[in-house]
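K.L.:
Just dropping this structure here.
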Amino acid sequence: MGDENYRAKDIVRYTYLAEADNLVDKIKEIRQKLEDKGYKTVEVKNYWLDKTNPYNGINTIVRIPTGEEIEIQYHTPESLETKKQQHKIYKVQRKIKDSESIEYNKLRDKMYELAKELEIPLNISEDIL
């Protein structure tokens, strides 16, 4: 039995791609169009600003007019490709019980290494919510 209060928010997930120089503008444009149709963004996680996480993207939770919630991720083409590579590493890493182990930390470092060359989107530090 699972936790009855748990709700998976990413059962329905969409991914939007835009180049680094206009990602933030596209996010704002899409959010406004969704809002005009009754969709409400209720959560924004800007991982581009989180230096404690090797993942780079913007994940949003959107409440649709019927009340259910969906996830929309916003990426650059490069950050999406990096995410795919990192996920393969993460699947190995999450099986390691000791997060202080050398193997665990090598995998973490590899994920950071993949992300270090990503172009940071223009105006990514703007308040997107």
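Read left to right, the sequence shown gives residues 239 to 367 (the working numbering). Here a beta-carbon is modelled for each residue, glycine too, at the ideal position from N, C-alpha and C.
(1) Please name the residue, chosen from 366, 328, 358, that lies closest to residue 342 on a Cα-to-Cα basis.
(2) Nearest to residue 297 by alpha carbon, out of 250, 357, 360?
(3) Just list the beta strand (DSSP E) runs in the stretch 243-319, keeping only unbroken ones of 3 residues or longer that don't cross its boundaries, in chain order.
(4) Inspect the beta-carbon positions of residue 301 and residue 280 and report whether they are closer than 7 Å.
(5) Taking the alpha-carbon positions, what's the residue 352 to residue 316 distance?
(6) Classify residue 303 as buried or exposed, calling it buried when 16 or more other Cβ atoms lie within 10 Å of its own Cβ.
(7) Below 8 Å on the Cβ atoms is my guess for residue 285 versus residue 324; work out the distance and round it to an integer in Å.
P.N.:
Working from what's here:
(1) 328
(2) 250
(3) 251-255, 278-284, 296-301, 307-313
(4) yes
(5) 10 Å
(6) exposed
(7) At roughly 11 Å, the Cβ-Cβ gap does not stay under 8 Å, so residue 285 and residue 324 are not in contact.
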